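Have a look at the structure below, then the notes.
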Amino acid sequence: YMNQTTILITGGAGFIGSNFILYFLETYPKYRIVNLDKLTYAGNLDNLREVEHHPRYTFVQGDICDRELVESLFREHDIRGVIHFAAESHVDNSIKEPDIFVRTNVHGTFTLLDVAKAHWLEAPHKLKRGYENCRFHHISTDEVYGTLGETGYFTEETPYAPNSPYSASKASSDLFVRSYFHTYGLPVVTTNCSNNYGPKQHPEKLIPTIIRKALAGEPIPIYGNGQNVRDWLYVLDHCRAVDIVFHQGRVGETYNIGGRNERRNIDIATKICAILDEIALEHRPSAHASYRDLIQFVTDRPGHDWRYAIDPAKIERELGWRAEVTFEDGLRKTVEWYLKNGKR
Ligand code: NAD
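Here it is as C-alpha cells:
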C-alpha cells in the first residue's frame, strides 16, 4: 500500500457519507478510507453493506469529539485528507434538543480541525514530506445563509444569518474551519450544499417521509401551507461536487453547491404521489383513489425558513461541475429504492 493515501471520512454511515464512500472507493483505487462514525440513530451500517469487506475500507465506531481517538486514527493511518460529513442533521431535532448540535457540529468539527493541525502542521510531522498536499474538506449547508424571499439567490458572499439551532451550529463550524485557515494555514475547503435527496436518506426527512407515509396509507404531513421552497440536488451530484472541490478547489475557499432546481414542498409531495400512482398501485388507499388524497397540512415548524436557493455559478465556472441528474429521474430512482428497501 506504499503509494496509497488514507482519507478520514466522518459520518460515513449516514445518508450522504455512505453514498460518497461507495462512489469514492469505486472512483479512486489510490485511496484507502477510514470511516469514523458514532452510529447515532441516523447512522446505519446497512448503508455500507456493499463495501463492508472492501480491502481499502476500514470502519471505526467512535465520536468525532473524542480527541484521543481522533489523534490515534491520524497517527495509526497517517491521515492525509479529511472529508467531514458527521453532524446532527435534522432541524426538528435541533429545536427540541439543541445541545447535542453544539457538541457534535461545533465541538466535533473543532476537534477534527485541531488534530489535523497538530498532525499536518506541527513538529515532528511537518518534517516529513507530502503534508503540503493534505486537505480538510468541511461539508456544510446552504441553511447557514438564513432565508430568502420570493427572489434572489445565496452566493458565497451572502452574509451568514442562521435561523435554527441546526443552522447556527453549522454556521459556527464553518467559521471555525475558516479561522483554522486564516490563523494556522490549515489547508481547508468548505462546501455549502442545498437539500439532498436519494437512496439511503433517513426516514425522518421530507422525501422519505412522504414515500413512507404514502405506502403505509397514512396521512402525509406537510408543514404550513406547503409553499416553502427548497433547492433539491440528487445525492450523487453532490458526491461528484465534493470530489471535484476536494481535489481541485482553491484552499481557503468556499463553494456553493446547488441543482438549479427549486421546488415547493407541496409540489414535491404531489410529484411523488404521481410516481407512486404509476408504480405502486397495490398500496393505494383504494382502487380509484390517488396517493395525493393522503396529503395533510400540519402546524408549521417554528422559525421555518421560507425559501432557500443556491447560485452555483462559482463551482460551475471555476471547476466545471454541473448537476446532471434531472429531478424527474432522481425522484423516480429514489422512490424505487424505498419501494425495494423500505424496511432497511
Ligand atoms: P445524516 O444524519 O444522514 O448522517 C450523519 C452521520 O453522522 C450519521 O451516520 C451519524 O451516526 C454520524 N454522527 C453524528 N454524530 C456523530 C459524532 N459525534 N461522531 C461521529 N459520527 C457522528 O446526515 P446527512 O444528511 O448525510 O448529512 C451529512 C452532512 O451533510 C452533514 O454535515 C449535513 O450538515 C450536511 N448537509 C446535508 C444536507 C442534506 O440535505 N442532507 C444538505 C447540505 C449539507
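Be aware that the sequence shown starts at 12, since it is given in full-length UniProt numbering, and climbs by one per residue.
Yeah, the Cβ is synthetic: ideal placement off N, Cα and C, and Gly gets one too.
Quantities reported herein were computed from a predicted structural model and do not represent experimental measurements.
Residue i: CB within 8 Å of a non-hydrogen atom of ligand 1
i                 : result
arginine 43       : no
glutamate 24      : For the record, residue 24 in the displayed sequence is alanine; it is not glutamate. It does: the Cβ of alanine 24 is within 8 Å (strictly closer) of some heavy atom of ligand 1.
residue 373       : This structure leaves residue 373 out entirely; the chain is present only between 12 and 355.
asparagine 55     : yes
glutamate 99      : yes
threonine 345     : no
phenylalanine 121 : no
aspartate 48      : yes
lysine 128        : no
glycine 73        : yes
phenylalanine 96  : yes
threonine 152     : yes
Burial state of residue i, where buried means 16 or more other Cβ atoms lie within 10 Å
i             : result
alanine 182   : buried
glutamate 154 : buried
valine 262    : exposed
tyrosine 52   : exposed
aspartate 74  : buried
serine 184    : buried
valine 309    : exposed
alanine 334   : buried
alanine 225   : buried
Integer Cβ distance of residue i from residue j, believed to fall under 8 Å
i                 : j             : result
aspartate 242     : glycine 270   : 6 Å
phenylalanine 338 : lysine 211    : With 8 Å as the limit, phenylalanine 338 and lysine 211 do not qualify as a contact, their Cβ atoms being about 18 Å apart.
tyrosine 266      : threonine 202 : 5 Å
phenylalanine 187 : threonine 120 : 6 Å
Residue(s) in a DSSP beta bridge with residue i
i             : result
arginine 140  : DSSP lists no partner for arginine 140.
aspartate 48  : Gln72
glutamate 273 : Asp242
tyrosine 266  : Thr202
valine 93     : Leu19 and Phe147
7 Å Cβ shell around residue i - same chain, five flanking residues per side excluded
i                 : result
histidine 249     : Ile27, Cys204, Asn207 and Ile268
phenylalanine 282 : According to the sequence displayed, residue 282 carries lysine and not phenylalanine. These residues qualify, in order along the chain: Leu342.
Spatial neighbours of residue i in its chain, beta-carbon cut-off 8 Å, leaving aside the 5 residues before and after
i           : result
glycine 314 : Ile106, Asn174 and Ser175
tyrosine 12 : Note that tyrosine 12 scores a pLDDT of 47, beneath 50, so its modelled location is shaky; the value from the coordinates is reported in the next line. Around tyrosine 12: Arg43.
residue 356 : Because residue 356 is not part of the residues shown, which for the chain are 12 to 355, the question remains open.
leucine 132 : Tyr142, Tyr195, Gly196 and Leu197
Neighbourhood of residue i by C-beta distance below 6 Å, restricted to the same chain and skipping five residues each side
i             : result
tyrosine 349  : Ile222
threonine 166 : Asp322
threonine 169 : Tyr156
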